[in-house]
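Residue numbers (our numbering), protein chains in the order written: chain A, 4 to 149; chain B, 4 to 149; chain C, 4 to 149; chain D, 4 to 149; chain E, 4 to 149; chain F, 4 to 149. Glycine included, every Cβ here is placed at the ideal spot set by N, Cα and C.
Number of protein chains: 6
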Amino acid sequence: MTPTTNGSTATVERTAPERKEPTYLFTEKYVADKSEIARRFIETRARLNANVDKANNFLVKRFYNIDHNTYLEGVLPAKTKELMGLVASACLRCDDCIFYHAIQAYRLGVTRAEQEDSLNVALVVGGSIVIPHLRRAYELLEEMYG
Amino acid sequence: MTPTTNGSTATVERTAPERKEPTYLFTEKYVADKSEIARRFIETRARLNANVDKANNFLVKRFYNIDHNTYLEGVLPAKTKELMGLVASACLRCDDCIFYHAIQAYRLGVTRAEQEDSLNVALVVGGSIVIPHLRRAYELLEEMYG
Amino acid sequence: MTPTTNGSTATVERTAPERKEPTYLFTEKYVADKSEIARRFIETRARLNANVDKANNFLVKRFYNIDHNTYLEGVLPAKTKELMGLVASACLRCDDCIFYHAIQAYRLGVTRAEQEDSLNVALVVGGSIVIPHLRRAYELLEEMYG
Amino acid sequence: MTPTTNGSTATVERTAPERKEPTYLFTEKYVADKSEIARRFIETRARLNANVDKANNFLVKRFYNIDHNTYLEGVLPAKTKELMGLVASACLRCDDCIFYHAIQAYRLGVTRAEQEDSLNVALVVGGSIVIPHLRRAYELLEEMYG
Amino acid sequence: MTPTTNGSTATVERTAPERKEPTYLFTEKYVADKSEIARRFIETRARLNANVDKANNFLVKRFYNIDHNTYLEGVLPAKTKELMGLVASACLRCDDCIFYHAIQAYRLGVTRAEQEDSLNVALVVGGSIVIPHLRRAYELLEEMYG
Amino acid sequence: MTPTTNGSTATVERTAPERKEPTYLFTEKYVADKSEIARRFIETRARLNANVDKANNFLVKRFYNIDHNTYLEGVLPAKTKELMGLVASACLRCDDCIFYHAIQAYRLGVTRAEQEDSLNVALVVGGSIVIPHLRRAYELLEEMYG
Numbered sequence: 004m005t006p007t008t009n010g011s012t013a014t015v016e017r018t019a020p021e022r023k024e025p026t027y028l029f030t031e032k033y034v035a036d037k038s039e040i041a042r043r044f045i046e047t048r049a050r051l052n053a054n055v056d057k058a059n060n061f062l063v064k065r066f067y068n069i070d071h072n073t074y075l076e077g078v079l080p081a082k083t084k085e086l087m088g089l090v091a092s093a094c095l096r097c098d099d100c101i102f103y104h105a106i107q108a109y110r111l112g113v114t115r116a117e118q119e120d121s122l123n124v125a126l127v128v129g130g131s132i133v134i135p136h137l138r139r140a141y142e143l144l145e146e147m148y149g
Numbered sequence: 004m005t006p007t008t009n010g011s012t013a014t015v016e017r018t019a020p021e022r023k024e025p026t027y028l029f030t031e032k033y034v035a036d037k038s039e040i041a042r043r044f045i046e047t048r049a050r051l052n053a054n055v056d057k058a059n060n061f062l063v064k065r066f067y068n069i070d071h072n073t074y075l076e077g078v079l080p081a082k083t084k085e086l087m088g089l090v091a092s093a094c095l096r097c098d099d100c101i102f103y104h105a106i107q108a109y110r111l112g113v114t115r116a117e118q119e120d121s122l123n124v125a126l127v128v129g130g131s132i133v134i135p136h137l138r139r140a141y142e143l144l145e146e147m148y149g
Numbered sequence: 004m005t006p007t008t009n010g011s012t013a014t015v016e017r018t019a020p021e022r023k024e025p026t027y028l029f030t031e032k033y034v035a036d037k038s039e040i041a042r043r044f045i046e047t048r049a050r051l052n053a054n055v056d057k058a059n060n061f062l063v064k065r066f067y068n069i070d071h072n073t074y075l076e077g078v079l080p081a082k083t084k085e086l087m088g089l090v091a092s093a094c095l096r097c098d099d100c101i102f103y104h105a106i107q108a109y110r111l112g113v114t115r116a117e118q119e120d121s122l123n124v125a126l127v128v129g130g131s132i133v134i135p136h137l138r139r140a141y142e143l144l145e146e147m148y149g
Numbered sequence: 004m005t006p007t008t009n010g011s012t013a014t015v016e017r018t019a020p021e022r023k024e025p026t027y028l029f030t031e032k033y034v035a036d037k038s039e040i041a042r043r044f045i046e047t048r049a050r051l052n053a054n055v056d057k058a059n060n061f062l063v064k065r066f067y068n069i070d071h072n073t074y075l076e077g078v079l080p081a082k083t084k085e086l087m088g089l090v091a092s093a094c095l096r097c098d099d100c101i102f103y104h105a106i107q108a109y110r111l112g113v114t115r116a117e118q119e120d121s122l123n124v125a126l127v128v129g130g131s132i133v134i135p136h137l138r139r140a141y142e143l144l145e146e147m148y149g
Numbered sequence: 004m005t006p007t008t009n010g011s012t013a014t015v016e017r018t019a020p021e022r023k024e025p026t027y028l029f030t031e032k033y034v035a036d037k038s039e040i041a042r043r044f045i046e047t048r049a050r051l052n053a054n055v056d057k058a059n060n061f062l063v064k065r066f067y068n069i070d071h072n073t074y075l076e077g078v079l080p081a082k083t084k085e086l087m088g089l090v091a092s093a094c095l096r097c098d099d100c101i102f103y104h105a106i107q108a109y110r111l112g113v114t115r116a117e118q119e120d121s122l123n124v125a126l127v128v129g130g131s132i133v134i135p136h137l138r139r140a141y142e143l144l145e146e147m148y149g
Numbered sequence: 004m005t006p007t008t009n010g011s012t013a014t015v016e017r018t019a020p021e022r023k024e025p026t027y028l029f030t031e032k033y034v035a036d037k038s039e040i041a042r043r044f045i046e047t048r049a050r051l052n053a054n055v056d057k058a059n060n061f062l063v064k065r066f067y068n069i070d071h072n073t074y075l076e077g078v079l080p081a082k083t084k085e086l087m088g089l090v091a092s093a094c095l096r097c098d099d100c101i102f103y104h105a106i107q108a109y110r111l112g113v114t115r116a117e118q119e120d121s122l123n124v125a126l127v128v129g130g131s132i133v134i135p136h137l138r139r140a141y142e143l144l145e146e147m148y149g
């Protein structure tokens, strides 16, 4: 890659990269059938989201929309961005967010090795305080990939 | 990808993925010549690291070593992991860490669009508190890619 | 408001703003009867606080005292400060703290719309990592105001 | 307030609360003329934001837009939400964000006493780690209101 | 202590401080028999760690190793470092980490008063957001020392 | 230590441990003369604190008071608590707080090796995101002890 190439890539990226829905290899139901942890997470999340949806709060809807857009296929593949979401979630130490992105990554065909390699970045950046979340993440990985 | 494929991938990943040094397209000096922000960061970091090295603290050396190992070519490409480091750094709001990973990613040939897409994950996960860091990151991107 | 007015207000504020206990429209018991989530939170908190009180630790008592003083009627109404406590709790992602301030705000007569508007500030400042807490907060709001 | 009243308020809030631009009593220039800290912050922010705008990143623009919407007059007054933004910023320990919201609150006519009362919530929720930011916030308050 | 003494101490510290395993006064089983909270924590941690061990991830193993080394007897006594781990865990608000270090400190003969004094540092540095974790920590202390 | 001993220690600890001012081996001026980083930190802190004091805010004064009480000689030596403050500050990544506690620890006669051992706990708990702060801390240590 030369600086010139960089320049033209930059031009392309500024003229609206195409965003589109990723193709999932597995349904949420498939994952829920493989993993009890995933099932409980998916069901609880669906129930609580239904309650949030009912409130119909303008800004919450806008935020959910932008959140959805973030992980579409774009300049970077959806797979990569789900793994980035996993890293961010593990660094910020949120089990629900870790489960969400690990399940999404699984549904997109990400391997267990790729999930572990991503979690390693979070572990080293975030330190031993991440370990309890890592343990619970590995339990989910074991159920999904085992 | 089928569950069976998942299983065999998992087997492979456990027999020691090869880790090796990534190939940089650009030297630190090249980046420092393009960007004054990069130059100041690289020089300050080198000076302070020399002081840390002199202290020769056993655990610090061990930690630096594990940190170095995290971003090698492995199951995931070094490029992807540097961008994950960028996401983690932006979420956890550390300018030095953001600069470090953005520069490393640049040196590996990552495009500006890919850096921006990564920062978007950090912005949405981490919220508006990330914005001041995003602004400074964009200033660096402008200098490196502009 | 003119700079002169600002100046004199500032003088008043420095001569000890009156702090006094707020008037609750609803008892904790009233809230616990409306919401099972509130009941469990209130009971667990009371049980654990009794244990902390028994320890009679000097600094903990001092801290609890300053904490209590923070949310009294003062320059700002208690309602506003409970909502600020809610925003801080949601940004820092502590379910117990969110439940505590949402219940206190309810008891002071804050509307659901005001609670949601406060949570929006936390969501935008704190990012999507706040969402799992937002979901649980909305479940409590639904039970209290539904 | 009765539960019935709560219910009807809730109905109203769900049919789109009006959001509108707040009325600023003071311009950014007025604040910059009173406070050197404010001037430097406002100028740097403007310069860096111009660079972000030039990049024209779709998701960043969406995020800035939702961020702007959060602090409009709505169910809660803009003043209150700027102070909530101040509390969140101080808890999360971001000087730029603290300066931004303290200046916005000043421009809307918030008194120094109200700013201090808000910062107290952040100090007690966030602990002594907030103190260095509190010191810098008080320096800005002194320049703006002094 | 004189600057000269400081200098020579510094020389000693750089020639490899001896690290060795601390002597535990109590086994994990002893603590588990005294405290139901400790028992549940120790059992869950062991089960989840077995799953992590099975994955045999190179970097995770390295990180666990460095983590283990951090709390050995060294320049500072293991007791002190376990209490520092407790302070860090409480500041960063991780119940599992708090339980881990409080149990380790107990096993090394740390008194309840020393544990409380350590938690006070975390409470004051970290603020009221630490209180829910403090409550749960005191419940564990009560069971272990009661 | 036997459970019985634990019990009686616990009784003692609850009857008000004596808190008293620690004895400093070195003045702030002595440290400022050895280290330019310390000098700048001490001077800036004094100037900004004078401004906070002038505001005479009731809750801020209460908080400063409780903060002061936390680090007095007590159940744990002041030295140990200053090092705990250092660990907490490094984990929470606040340079000002790190400098403050490292200087206080130095003034109480803590060795460089003890400071480094404490920082190692923070590094391992908090991860590589702590490294930029560690580098700056080592620069201060070098100036104070070098």
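Asked: Per-residue DSSP class, three states only, for E76 of chain D; Found: strand
Asked: Cα-Cα separation between C77 of chain E and F29 of chain A, rounded to whole angstroms; Found: Residue identity differs from the one stated: residue 77 of chain E is Gly in this sequence, not Cys. Cα to Cα, the separation comes out at about 51 Å.
Asked: Residue interval of the alpha helix (DSSP H) (run including L122 of chain E); Found: 115 to 129
Asked: Among A:C100, A:C94, A:R65, A:L126, nearest to D70 of chain B - alpha-carbon criterion; Found: A:L126
Asked: Residue from A:F44, A:R50, A:K64 with nearest C-alpha to F102 of chain A; Found: A:F44
Asked: Counted within 10 angstroms of its Cβ, other Cβ atoms place R50 of chain C as buried (16 or more) or exposed; Found: exposed
Asked: Interface residues of chain E facing V127 of chain A [CB-CB closer than 8 Å]; Found: L62, F66
Asked: CB contact below 8 Å: E21 of chain C versus chain A; Found: no
Asked: Beta-carbon neighbours of G139 of chain B, restricted to chain D and to distances below 9 Å; Found: Contrary to the premise, residue 139 of chain B reads as Arg rather than Gly in this sequence. Here the neighbours are L51.
Asked: Identity of the residue in C:V128, C:K23, C:E24, C:R138 nearest M87 of chain D by Cα; Found: C:V128
Asked: Euclidean distance between Cα positions of G149 of chain A and K57 of chain E; Found: 11 Å
Asked: Partners in chain A for S131 of chain C, counting only beta-carbon separations shorter than 7 Å; Found: D70
Asked: Segment contact flag, the segment 112 to 127 of chain C with the segment 59 to 70 of chain A, C-beta cutoff 8 Å, min 3 pairs; Found: yes
Asked: Sub-8 Å separation of H136 of chain B and R110 of chain B beta-carbons; Found: no
Asked: Spatial distance of D120 of chain B from N68 of chain C (CA atoms); Found: 47 Å
Asked: Beta bridge counterpart(s) of K23 of chain E as assigned by DSSP; Found: E:E76
Asked: Residue environment, K23 of chain A, which counts as buried when at least 16 other CB atoms sit within 10 Å; Found: exposed
Asked: Proximal chain C residues relative to V90 of chain A, where beta-carbon distance stays under 9 Å; Found: Going along chain C, no residue has its Cβ under 9 Å from V90 of chain A, so there is no contact; the nearest lies around 12 Å.
Asked: Minimum Cβ-Cβ distance from V55 of chain D to chain H less than 8 Å; Found: No chain H is part of this structure, whose protein chains are labelled A, B, C, D, E and F.
Asked: Contacting residues, own chain, Cβ-Cβ under 6 Å from R115 of chain C (five flanking each side not counted); Found: L144, Y148
Asked: For C94 of chain B and G112 of chain E, the rounded distance between their alpha carbons; Found: 39 Å
Asked: Three-state secondary structure (DSSP) of N59 of chain D; Found: coil
Asked: Reference V153 of chain F; option with closest CA among F:V34, F:D98, F:L79; Found: The question about residue 153 of chain F has no answer here: the residues shown for chain F are numbered 4 through 149.
Asked: Selection from B:N54, B:S92, B:K82, B:Y74 that minimises the alpha carbon distance to Y141 of chain F; Found: B:N54
Asked: Chain-ordered chain E contacts of V124 of chain F [CB-CB under 7 Å]; Found: T73, K84, M87, G88, A91
Asked: Closer than 8 Å to chain E by CB, G10 of chain B; Found: For G10 of chain B, the pLDDT reaches just 36, beneath the cut-off of 50, and the residue's location in the model is therefore unreliable, although a value from the coordinates is still provided. No, no contact with chain E.
Asked: Burial state of L89 of chain C, where buried means 16 or more other Cβ atoms lie within 10 Å; Found: buried
Asked: Coarse secondary structure for T30 of chain E, derived from DSSP in three states; Found: coil
Asked: E76 of chain B Cβ short of 7 Å to the ligand SAH heavy atom set; Found: The ligand SAH is not among the ligands present in this structure, which contains no ligands whatsoever.
Asked: Residue nearest to A81 of chain A in terms of C-alpha spacing, selected from A:A108, A:V34, A:F66; Found: A:A108
Asked: Within chain C, partners of A81 of chain A - CB distance below 7 Å; Found: Near A81 of chain A there are no residues of chain C at all, since even the closest Cβ is about 16 Å away, more than 7 Å.
Asked: Contacts that E146 of chain C makes with chain D (C-beta to C-beta distance below 9 Å); Found: By Cβ distance, chain D contributes nothing, its closest Cβ being about 12 Å from E146 of chain C, past 9 Å.
Asked: Minimum Cβ-Cβ distance from E119 of chain B to chain D less than 8 Å; Found: yes
Asked: Beta-carbon proximity list for E117 of chain F, same chain, < 7 Å, skipping 5 on both sides; Found: L86
Asked: Any C-beta of chain B under 8 Å from that of L143 of chain D; Found: no
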